[in-house]
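Asker:
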Amino acid sequence: MLRTTLAGLKLHKSRYVTTVLAILLGVMFVSGTMVFADTLNASYEESVMGSATSVDAIAVPSQPEPGSEGAPEEPIPFTGEQLDEVRALPEVSEAGGLLRSEAVLLDADGRAVGFTPPAAVGLEGVSRFSADEGSLPSNGDEIALATSTADQTGFAVGDTVTVLDAEEEKRDFTVTGLVEFGVDPSYSLGGAVVFDPDTVREMTGVTGYSEIDARAAEGRTPQEAADAVTAALGSGAEVRTGEEYGLAMAENVGGQTEMMRVALLLFAFIAMFVAGIVIYNTFAILIAQRQRELALLRCMGAKRGQVFRSVLAESVVVGLVASALGVLAGVGIGMAGATFGGPLLGTGDAVPVVVTPLAVVVGLAVGTVVTVFSALIPATRATRVAPLAALRTSATAAGLEKGTGWIRVVFGLLTFAVSAGLVAVTQMADLAQVGLVVVTAAALITFVGVVVLGPLLVRGIVRLVGVPLRKVGVPSMLAVDNSTRSPRRAATAMIALTVGATLITGYSVISASTEATMTTMLEEQFPVDYQISPQFSMEEPESEEAGEPQEASAEGSEGAGSTEGAEGAESPADGAEGSAEAGAAEGTGEAGAAEGTGGEPADQEGGAGEAPETPVMPTVPAEVVAALESQPELGQVFGRRSATVETDDDRMAFVYTYPGAEIGADLTSDVVEGDLADMGPGRAVVAEGHLDGVGIGDTATLPSENGEDLSLEVVAVVEEMQMLSGVTVAEEDFAKAFPQVDGNEMLFVRAAEGADPAEVRDAVYTAVEDHPTMQVGSAAEMKNQFSQILDIAFYTIAAMLGLAIIIAVFGISNTMALSVLERTRESALLRALGLARGQLRRMLSVEAVLLCLIGAGIGIVLGVVFGWAAGASVLPNMIFAVPVGQIAMFIAVAVLAGLLASVLPGRRAAGTSITGALASE
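Just so we're aligned: the sequence shown equals residues 931 to 1851 in the working numbering.
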């Protein structure tokens, strides 16, 4: 039986070509994903370990325990005395400190780079970082950039760059080198600039070291050096060997790689599922066509078990061969992905490819197991036909032509009803994140129903579509008849395409609906043309002896020593010459409102205990406000101020006011109850759910900085996550409760009626020209950026699902090819009766296109329904949008896929000899 099986495979190997391709593509995706992920992990580890193991011990300040209010506290940096103590250790040959703060880097247009300033680093002595290109700075006129920062800005070695110092004055530096900080998130996200140690102290005012690196003395091990450093620095330091530090960082970054691996393997699972459907259909047709051959084996003494094992042996051989080819292709795909995609993910240019035994074994196992599992039902069917009965039948696949019984119909309709009920539950009940899981379960149940009722759906749709096709010509009429002759076979073939079409359509509906929802929210709830905000500094104000220069890291920060912000040096009348403490007391951002921010520590303020300590928010300088208001092209300028307080029930409440804006006219939100027009002094608008148990007419009591509670009448409750969030109060009430917050953390600009958009843009940028850290964004730019993000996500997912669709097309082509083989004599008879070669090819093309359109059509309908259900379960106020253009493209792709699937079968059918085919039976 084994020899017979192998001989049959060798004789009819062409029948398995598309099946092999389907398995190959699925396994290629699995193995390629594992090779790609393993290579990324190894590259990250090599990158991190390469820098970490250049030193033997690495010490960083330990994270303090949370304060009494539960707020995180900043680690205490190392002092110069501690660094000297480490250098004096007999176990250490040399040690160096890393100074770190922030510095505002300007791009080629003179604007601040990034939402937050890049890290400003100074390397004093030995360090785990070194210049990847060029050299590190050696004097006050030189600077090095992180490679990520250089890529973002376009600067290179030899260029001149501008950085703002502590007084916001511009200073020019020459780029002498580029430093590869690797995947360390503290540097890779915001970027970094490197000065020599004296310059970074001068530029930022930093005094303490955020890291101490040490090399072991001769004859000492890294662990001995690390232990000695631990003893010297005490409990205020976390010390690890360079290898331990690198492994820990690589493990953290590896978690992101594992998430990527899981996401890609999910798409690989979809591809293998579709491949399994194709394999099942192929073996089902082949077994049905070989009934006479198998029956003859039974007559010659083969037992049912031998026939069953023979079919499984075929599947094992096909699966192993295809899987081996798929693993080889996967290694190539993984290599290409790591080579071209690795640098985009921060692995560097040279990426060594890692092929683990697990990637090979998993690829072989997945491909073989899926193939064998898919062949189980056809193999079982091969044992159920009586030998003599099979010998009396023709070579047609009669085994697939059983009717659809009423049990299948009832079961299929029941699945649709259950699925509809689950979707209804997600829309009527607030299931939060569980709603998406319920929708997914409903989609799977519906898919089971489509599989069960597939033959009926194919027969009904073909009859409906066939009415106009029958009038087109003889080839189309014959194609319609052929499509209804084997509805179960056609249904099984089109199911594979239905899977891909459902997923890609569903995601396109979610993407289009999300974009429509966000666009509407921007237009209706964010009715401004431009938004201006300062560059946000991640740094906490330092202690009094080092705080003054440190707090000036972002223009407009009231902790920078000026009442209005960056241009404090030009406004002595505004108190710019005062101390840092005075400047901080004059005005703060959001945090100041919450904690009585000023030069005094929070625990010395009576009101400070009302809210946990948060970073001081920078504010927009008054000069910018005045400049904007003086522009005739601008119709309205208003700001936003905020504070954070802790309510009596230990919940955080965010309080907002909008100086210059009329609530209900200039700023609106969807109203749950009440009227925004009633807003005024002594009244408040509350977002739904923000304050427990507070409704229309109730009094909202909020603590304030002066120790007196602020009591406000609630006049409106609005939808959350819109323009008016938290608690909105009148400007007078806000100023009374939070007198220290007298600066706008954000400005909103609306163009004058009829103003030219280009002139409006020029007016806005002219107003902020002298304030490079002001971040300018427009509603149009926000919408474009959001659309680009969604488009990138859509095309990425479409590309991932595209492989499943390609496999499905191979399945349809395979079904057509086997059908042509089965109908060889019939095709020859049609030719003998006058059907031309072109007409025969056209008949098969129409048949394949019908099959693809049915599969894609059902998938599109399911995708639209469940895309809406999934989106609505996540976004309660979602605006449903159907991407007509994309769906039209899907239909065009389905037609093209049908035409391509019919090319080889049509050529084979048209090239068959008429007399030879008629004489073969």
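Every residue, glycine too, gets a C-beta built ideally from N, C-alpha and C.
Quantities reported herein were computed from a predicted structural model and do not represent experimental measurements.
Could you spell out where the alpha helix (DSSP H) holding residue 1574 opens and where it closes?
Answerer: If you number the sequence shown from 1, residue 1574 lands on position 644. Careful: residue 1574 lies outside any alpha helix (DSSP H), inside the beta strand (DSSP E) at 1564–1576.
Asker: Under 8 Å, do residue 1121 and residue 1048 count as touching if we go by C-beta distance?
Answerer: If you number the sequence shown from 1, residue 1121 lands on position 191. If you number the sequence shown from 1, residue 1048 lands on position 118. Their beta carbons are under 8 Å apart, which means residue 1121 touches residue 1048 by this criterion.
Asker: Should the region 1595–1605 be called in touch with the region 1706–1717, which here means at least 3 C-beta pairs below 8 Å?
Answerer: In short, these stretches do not touch, since the Cβ pair count stays below three.
Asker: Would you mind sorting residue 1749 into buried or exposed? The rule is 16 or more other CB atoms within 10 Å of its CB.
Answerer: In the sequence shown, the residue the question calls residue 1749 occupies position 819. Under this definition residue 1749 is a buried residue.
Asker: For residue 1813, which of 1088, 1646, 1746 and 1435 has the nearest alpha-carbon?
Answerer: Translated into positions along the sequence shown, residue 1813 becomes position 883. Answer by Cα proximity: 1435.
Asker: Between which two residues does the beta strand (DSSP E) carrying residue 1464 extend?
Answerer: Position 534 of the sequence shown holds residue 1464. 1460–1464 is the extent of the beta strand (DSSP E) around residue 1464.
Asker: Among 1745, 1227 and 1261, whose alpha-carbon lies nearest the alpha-carbon of residue 1287?
Answerer: Within the sequence shown, residue 1287 is the residue found at index 357, counting from 1. The shortest Cα separation from residue 1287 among 1745, 1227 and 1261 belongs to 1261.
Asker: Quick check: what's the CA-CA separation for residue 1385 versus residue 1428?
Answerer: As a working note, residue 1385 is residue 455 in the sequence shown. As a working note, residue 1428 is residue 498 in the sequence shown. In a straight line, the C-alpha of residue 1385 is about 14 Å away from that of residue 1428.
Asker: May I ask you to report which of helix, strand or coil DSSP gives residue 1026?
Answerer: Along the sequence shown, one-based indexing puts residue 1026 at 96. It is a strand residue.
Asker: In three-state DSSP terms, what is residue 1790?
Answerer: Indexing the sequence shown from 1 puts residue 1790 at position 860. It is helical.
Asker: Tell me the rounded alpha-carbon separation between residue 1296 and residue 965.
Answerer: Along the sequence shown, read from residue 1 onward, the residue named residue 1296 stands at position 366. Along the sequence shown, read from residue 1 onward, the residue named residue 965 stands at position 35. The alpha-carbon atoms of residue 1296 and residue 965 are separated by roughly 15 Å.
Asker: List the endpoints of the continuous beta strand (DSSP E) containing residue 1170.
Answerer: Sequence index remark: in the sequence shown, residue 1170 carries index 240 (1-based). From DSSP, the beta strand (DSSP E) with residue 1170 extends over 1167–1171.
Asker: If we count the other Cβ atoms within 10 Å of its Cβ and call it buried at 16 or more, is residue 1777 buried or exposed?
Answerer: What you label residue 1777 is simply residue 847 of the sequence shown in a count that begins at 1. It is buried - the Cβ of residue 1777 has at least 16 other Cβ atoms within 10 Å.
Asker: How should residue 1730 be labelled, buried or exposed, when 16 other C-beta atoms within 10 angstroms of its C-beta is the threshold for buried?
Answerer: In the sequence shown, counting from the first residue as 1, residue 1730 sits at position 800. Residue 1730 should be labelled buried.
Asker: So residue 1376 is in the alpha helix (DSSP H); what residue range does that whole segment cover?
Answerer: By one-based count along the sequence shown, residue 1376 stands at place 446. From DSSP, the alpha helix (DSSP H) with residue 1376 extends over 1364–1399.
Asker: Residues in its own chain within less than 7 Å of residue 1055 by CB, not counting five upstream and five downstream?
Answerer: Within the sequence shown, residue 1055 is the residue found at index 125, counting from 1. Correct list, in chain order: 1024, 1025, 1026 and 1027.
Asker: At what residues does the alpha helix (DSSP H) containing residue 1688 begin and finish?
Answerer: In the sequence shown, residue 1688 corresponds to position 758, counting from 1. Note, residue 1688: alpha helix (DSSP H), 1687–1697.
Asker: Would you mind listing the beta strand (DSSP E) stretches within the region 1070–1129 that are 3+ residues and don't spill past its ends, in chain order?
Answerer: The region 1070–1129 contains these whole beta strand (DSSP E) runs: 1072–1076, 1090–1094, 1100–1109 and 1122–1125.
Asker: In chain order, what residues of the same chain lie with their CB nearer than 8 Å to the CB of residue 1323, ignoring the 5 residues before and after it?
Answerer: Here residue 1323 refers to the residue found at position 393 of the sequence shown. Low confidence applies here, because residue 1323 scores a pLDDT of 48, under 50, leaving its location unreliable; read the following figure in that light. If we look at residue 1323 and ignore the five residues flanking it on each side, its Cβ neighbours are 1221 and 1222.
Asker: Checking 8 Å against the spacing of the C-beta atoms, do residue 1467 and residue 1046 come in under that value?
Answerer: Working through the sequence shown from its first residue, we reach residue 1467 at position 537. Working through the sequence shown from its first residue, we reach residue 1046 at position 116. Their beta carbons are under 8 Å apart, which means residue 1467 touches residue 1046 by this criterion.
Asker: What residues in its chain sit with their C-beta under 6 Å from that of residue 1207, if we drop five residues either side in the sequence?
Answerer: Position 277 of the sequence shown, counted from the first residue, corresponds to residue 1207. Closer than 6 Å at the Cβ level, and outside the excluded window around residue 1207, lie 1425 and 1426.
Asker: With a threshold of 16 other CB atoms inside 10 Å of the CB of residue 1237, please say whether the residue is buried or exposed.
Answerer: In the sequence shown, the residue the question calls residue 1237 occupies position 307. When all chains shown are included, residue 1237 counts as buried.
Asker: Following the continuous beta strand (DSSP E) through residue 1708, name the residue where it begins and the one where it ends.
Answerer: Your numbering for residue 1708 matches position 778 in the sequence shown. It spans 1704–1708 - the beta strand (DSSP E) in which residue 1708 sits, taken as one unbroken run.
Asker: Alpha carbon to alpha carbon, how far is residue 1837 from residue 1441?
Answerer: On the sequence shown, position 907 is the one that residue 1837 refers to. On the sequence shown, position 511 is the one that residue 1441 refers to. Each residue's alpha carbon lies about 41 Å from the other.
Asker: Under 6 Å Cβ to Cβ from residue 951, same chain only, skipping five residues before and after it: list those, please.
Answerer: Numbered from its first residue, the sequence shown carries residue 951 at position 21. Once the five neighbours on either side are set aside, the close Cβ partners of residue 951 are 1740.
Asker: Where does the unbroken beta strand (DSSP E) through residue 1351 begin, and where does it stop?
Answerer: In the sequence shown, residue 1351 corresponds to position 421, counting from 1. It is not in any beta strand (DSSP E) - residue 1351 instead sits in the alpha helix (DSSP H) that spans 1336–1358.
Asker: Span of the alpha helix (DSSP H) holding residue 1303?
Answerer: Against the sequence shown, residue 1303 aligns to sequence position 373. Element bounds for residue 1303: 1287–1312.
Asker: If you reduce the DSSP assignment to three classes, tell me which class residue 991 lands in.
Answerer: By one-based count along the sequence shown, residue 991 stands at place 61. Residue 991 falls in the strand class under three-state DSSP.
Asker: Sorted by chain position, which residues of the same chain lie with C-beta nearer than 7 Å to residue 1021's C-beta, five sequence neighbours on each side aside?
Answerer: Taking the first residue of the sequence shown as position 1, residue 1021 is located at position 91. So the qualifying residues of the chain are 1146, 1147, 1150, 1154, 1155 and 1158.
Asker: Mind pulling the alpha helix (DSSP H) runs of 4 or more residues that sit fully within the region 1602–1683?
Answerer: Counting whole runs of 4 or more residues, the region 1602–1683 contains the alpha helix (DSSP H) stretches 1661–1667.
Asker: Got a sec, what are the start and stop residues for the beta strand (DSSP E) residue 1064 sits in?
Answerer: By 1-based counting over the sequence shown, the position of residue 1064 is 134. It spans 1061–1064 - the beta strand (DSSP E) in which residue 1064 sits, taken as one unbroken run.
Asker: Work out the CA separation of residue 982 and residue 1163 for me, nearest whole Å.
Answerer: Looking up residue 1163 in the sequence shown gives position 233. Looking up residue 982 in the sequence shown gives position 52. Approximately 20 Å between the Cα atoms of the pair.
Asker: Return the chain-ordered list of same chain residues with a C-beta closer than 8 Å to the C-beta of residue 1190, the five sequence neighbours on each side being excluded.
Answerer: One-based indexing of the sequence shown puts residue 1190 at position 260. If we look at residue 1190 and ignore the five residues flanking it on each side, its Cβ neighbours are 967 and 970.
Asker: Residue 1588 by DSSP, collapsed to three states: which one?
Answerer: The count along the sequence shown starts at 1 and reaches residue 1588 at position 658. Residue 1588: coil per DSSP, three-state reduction.
Asker: Cα-Cα, which of 1292, 1015 and 1044 is closest to residue 1082?
Answerer: Against the sequence shown, residue 1082 aligns to sequence position 152. Per the Cα distances, 1044.
Asker: Give the DSSP-derived three-state secondary structure of residue 1052 in the structure shown.
Answerer: Residue mapping note: residue 1052 aligns to position 122 of the sequence shown, counting from 1. Strand at residue 1052.
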